[in-house]
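*Asks:* Sharing a structure with you now.
Numbering (this note's numbering), first residue to last: 11 to 263.
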C-alpha cells in the first residue's frame, strides 16, 4: 500500500527510528508533519527526507512532548496547514535504562511525561483532526518493556511503567472510539537495530534465527505498514514482536 495524499504526523522525528519512519512514509507518498524536541533536529530530519525523496512534502516543528502548551500549539499549527490528519504516530519517548536506584528524579519525571503524558496529550489535541479523515489511524510505538512476561528487559522500571501506561491508554481509547472508524494500533518491538533505510544492502539484509542478531527497523516498519494497509473493517490492534533467535536475548527493550 502506498500513502499518496495521506497526512502523517510523526513525533520524535529526530535521528534514529523517527528519521527512518519519516523517510519510509515519504517514499510511500505521504505528506509529513514532523516534530522533534528542537527545531534544529526536526529540520535536520526534514532535510534528509528531502534529499532522499526530493518531491516529498515535509514540515518540521519544534515540540517538547513534556510540555502541554507546545503540544497544543503543534496541533494548532498543523490545523492551519491542513483540514485533517490521517495518521498520528506517537513515536516520541525518553529512553531510560538502569535500576530505579540508579536514575535521577528528573529522569523519571521526563520518562513518564514524554512517553505516557506526552502521547496522551498529543492524541487528545490531534483527535479532532483525525475525526475529519476518511481513514484515520493512531499508532503507538510501544515496547516489549511494557509487557509482564519480559523479565530480561534492561529498561528502567520507570520506562516500563511509562510504556505500560501508554499501552493501557491505547486499549481504553480503542474501546472508546469503537464504531467511529478510528483504528488504534500499538506496536511492541524489543530492542532493534536501525540500519539506514538509504542503504539497501543493510536495510534488506535477511537475518536468520541462527544468527543471534537483533531485529531491525525493517521488521518493525513492515509490521506497521501491514497494519495500516488493511481494509478499514480490519483493525490490527496489537503487534508484539520478539527475537526468534536460538540464543536468549537479554537486551530486549
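The C-beta atom is built at its ideal place from N, Cα and C for all residues, glycine as well. Given the structure is predicted, the values throughout are model-derived calculations rather than measurements.
Tell me, please, which residues DSSP counts as bridged to residue 203.
*Replies:* Residue 203 pairs with 226.
*Asks:* For residue 257 and residue 215, what's the separation of their Cα atoms in angstroms?
*Replies:* Confidence at residue 257 is low in this model, with a pLDDT of 49, below 50, so the placement of that residue should be treated as unreliable; the coordinate-derived value is given next. For residue 257 and residue 215, the distance between alpha carbons rounds to 20 angstroms.
*Asks:* With 16 other CB atoms within 10 Å as the buried threshold, where does residue 199 fall?
*Replies:* Burial call: buried.
*Asks:* If we require 3 or more residues per run, which beta strand (DSSP E) segments fall completely within the stretch 38 to 104?
*Replies:* Listed in chain order, they are 41 to 46, 68 to 72 and 97 to 100.
*Asks:* Do residue 100 and residue 48 have their C-beta atoms closer together than 8 angstroms?
*Replies:* Not closer than 8 angstroms, so no.
*Asks:* Considering only DSSP beta bridges, list what residue 126 is partnered with.
*Replies:* Beta-bridge pairing links residue 126 to no other residue.
*Asks:* Check whether the Cβ atoms of residue 202 and residue 226 sit closer than 8 angstroms, and answer yes or no.
*Replies:* Yes, they are a contact pair.
*Asks:* Have a look at the DSSP bridge pairing and note the partners of residue 150.
*Replies:* Partner(s): 100 and 196.
*Asks:* Run the CB neighbour count on residue 178, radius 10 Å, all protein chains shown included, and call it buried at 16 or more, exposed below.
*Replies:* Exposed, by the Cβ-count rule.
*Asks:* So, with DSSP's three-state summary, where would you put residue 107?
*Replies:* Strand at residue 107.
*Asks:* So, under 8 angstroms CB-CB, residue 81 and residue 135 are touching, yes? Tell me the CB distance rounded to an integer number of Å.
*Replies:* Rounded, the Cβ-Cβ distance is 6 angstroms, consistent with contact.
*Asks:* Tell me which same chain residues have a C-beta within less than 7 angstroms of the C-beta of residue 93, skipping the five on either side of it?
*Replies:* Answer for residue 93: 142, listed in chain order.
*Asks:* Applying the criterion that 16 or more other CB atoms from any shown protein chain within 10 Å of the CB defines a buried residue, is residue 193 buried or exposed?
*Replies:* When all chains shown are included, residue 193 counts as buried.
*Asks:* Measure the alpha-carbon distance for residue 245 versus residue 15 and round it to whole angstroms.
*Replies:* Near 21 angstroms, if we compare the C-alpha coordinates of residue 15 and residue 245.
*Asks:* What did DSSP end up calling residue 165 once you bin it into helix, strand or coil?
*Replies:* Strand.
*Asks:* Return the residue from the list 113, 124, 156 and 139 that minimises the CA-CA distance to residue 90.
*Replies:* Answer by Cα proximity: 139.
*Asks:* In three-state terms, what does DSSP make of residue 16?
*Replies:* If DSSP states are grouped into helix, strand and coil, residue 16 belongs with coil.
*Asks:* Between residue 234 and residue 197, is the Cβ-Cβ spacing less than 8 angstroms?
*Replies:* Yes.
*Asks:* Is it the case that the stretch 247 to 257 contacts the stretch 145 to 159, given that we only count it when at least three CB pairs across the two stretches are under 8 angstroms?
*Replies:* Yes: the two stretches touch, three or more of their Cβ pairs being nearer than 8 angstroms.
*Asks:* Is the separation between the beta-carbon of residue 128 and that of residue 164 shorter than 8 angstroms?
*Replies:* It is not a contact, given that the beta carbons lie outside the stated cut-off.
*Asks:* Using a Cβ-Cβ cut-off of 8 angstroms (strictly less than) and excluding sequence neighbours within five positions of residue 53, which residues of its own chain qualify?
*Replies:* These residues qualify, in order along the chain: 70.
*Asks:* Could you tell me the alpha carbon to alpha carbon distance between residue 174 and residue 102, rounded to whole angstroms?
*Replies:* Roughly 15 angstroms separates the two Cα atoms.
*Asks:* Evaluate residue 120 with the Cβ neighbour count: other Cβ atoms within 10 Å of its Cβ, from every protein chain shown; 16 or more gives buried, anything less gives exposed.
*Replies:* So residue 120 ends up on the buried side.
*Asks:* If you draw a straight line from the alpha carbon of residue 183 to that of residue 224, how long is it in whole angstroms?
*Replies:* Rounded to the nearest angstrom, the two C-alpha atoms are 31 angstroms apart.
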